[in-house]
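Structure first, then comments.
Protein chains: 2
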Amino acid sequence: MEDKFDPLLLENQLCFPLYAVSKALVRQYEPLLSELNLTYTQYIVMLAMWEKKTLSVNDIGAMVHLDSGTLSPLLQKLEEKGFLDKTRGQDGRKRLISLTEEGANLKEKAKDIPLKIGNCLHLTPDEAKCLYSLCYKTLGWLE
Amino acid sequence: MEDKFDPLLLENQLCFPLYAVSKALVRQYEPLLSELNLTYTQYIVMLAMWEKKTLSVNDIGAMVHLDSGTLSPLLQKLEEKGFLDKTRGQDGRKRLISLTEEGANLKEKAKDIPLKIGNCLHLTPDEAKCLYSLCYKTLGWLE
DNA sequence: CTTAAATAAATTGCATACAATATAACAGTA
DNA sequence: TACTGTTATATTGTATGCAATTTATTTAAG
C-alpha cells in the first residue's frame, strides 16, 4: 500500500527550490555588494551598463528582465549615488542611461565578486554548466 | 588573440538566470493562483499548512525559508481571508497557525496547478530532476 | 522569588517586483 | 495641420523580502 504521489507537497515542487535558492544566493551577494554601495538588483543593472555603456530604460529592462516600474526608482537611486547619468536622446521619449566615471570605475572594485560567489556554491564545473543551461532553457519558454 | 574571459558579463553569471527564471516562474503561477485568492508566497505557505495542519511561525519559516518579518503580515492576510486561524499554545510566545475548513478545502481547488505549471516548463523528466537536485544541493551549502 | 538571558513574533524601514494607470512624445494620416 | 494611435517612461498601489529593533514570554540562575 504505497502512499499516492501528492503533487502539492513542498518537496514535490520544482519552482520552490528555484525560488528559495535564488533568494539565498542573492543574500550571499549582499555583504559583498554593500561594500560597493549596491544592492543585488542595482548590481545586475550595473553589469548591463558596464557591458553596453549606454542604454535606454527599455534596453536595460530587456537585459535584466525588469520593467519600468522597478527600474525607474532604481535608476534614480543609481543616479543619486553618482554611478549613472540620465540624458535625453533624439527621441524625446527615451532616457539614455550612461555610466559616470565613478560608475565605470566601480567595475574594478567588483571584479572579485563572481569568484567569491562561485566558491560558496560548491558545484563542479559540469554541474554549474548544467544548472546554467537548464535555467536559460526554461527562461526561453517562459517569455 | 581571443578576448579575455570577463566574469562580470551578464551572460557569465550563474545567479542571474536563477534569479530571472525564479521570477518568471512565479509570474506563471499568479493567474492560476488569483483564482484561489492567493499570491505565490501565500501559496507556498498554504502548501506547508496542507502538509502539517498546525505549525508555529518559525516552523513555517523553516519550511519555506522566510522570516517573521515576511510571515507576520502574510499570515495576517491569510487569516483575514479565512484560510488560517491563529491561536496561542502552551508556550505563550508561540502562535500556532492552523487551517480553517475553508483553508483545508482550498487544497482541492489547487490540485491541478502543479501539472499546469509543469506543462509550461518544457523540461524532460531527467532535466527537471537534475534542476531540482542542483537547486537543493546548492541550497544545502547556502544555509 | 527575582532577575538576567534567551526565544518567538511583531514591527519598522528600505528596496524591490509588477500590474495597472497616467503622462509625454513621436508617427501616421486625413 | 489637427487627430489618432503607438511607444517610452514614470507613477500608483499592493505584496513581498529581509535586516534590525522591539515586545512579550519563558527559562535559568542565584
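Protein chains in written order, with our numbering: chain A, 1 to 143; chain B, 1001 to 1143. All residues carry an ideal CB built from backbone N, CA and C; glycine is no exception.
Distance check between A/Thr-41 and each of A/Leu-66, A/Leu-142, A/Glu-51 and A/Ala-62 places A/Leu-66 closest, using alpha-carbon atoms only. Using a 10 angstroms sphere on the CB of A/Cys-135, the tally of other CB atoms reaches 16 or more, which defines it as buried. For B/Leu-1131, the enclosing alpha helix (DSSP H) begins and ends at 1125-1141. Annotation for A/Asp-67: no beta strand (DSSP E) segment contains it, and DSSP assigns it neither H nor E. Along the segment 37-70 of chain A, going in chain order, the ones with a CB nearer than 7 Å to a CB of chain B are Ile-44, Leu-47, Ala-48, Trp-50, Glu-51, Met-63 and His-65. In the displayed model, A/Arg-27 falls within a helix according to three-state DSSP. In this structure, A/Leu-8 lies away from B/Trp-1141, with their beta-carbon atoms at least 8 Å apart. For B/Thr-1138, the chain A residues whose C-beta falls within less than 7 Å of its own C-beta are Val-21, Leu-121 and Leu-123, listed in chain order.
Residue-level contact by beta carbon fails for B/Ala-1104 and chain A, as no gap is shorter than 8 Å. Under the three-state reduction of DSSP output, A/Leu-33 falls in the helix class. The straight-line gap separating the alpha-carbon atoms of B/Leu-1032 and B/Val-1057 is approximately 26 Å. Taking all protein chains in view, the Cβ of B/Gln-1013 is crowded by 16 or more other Cβ atoms within 10 Å, so the residue is classified as buried.
Bridge partners of A/Ile-113 according to DSSP: none are assigned.
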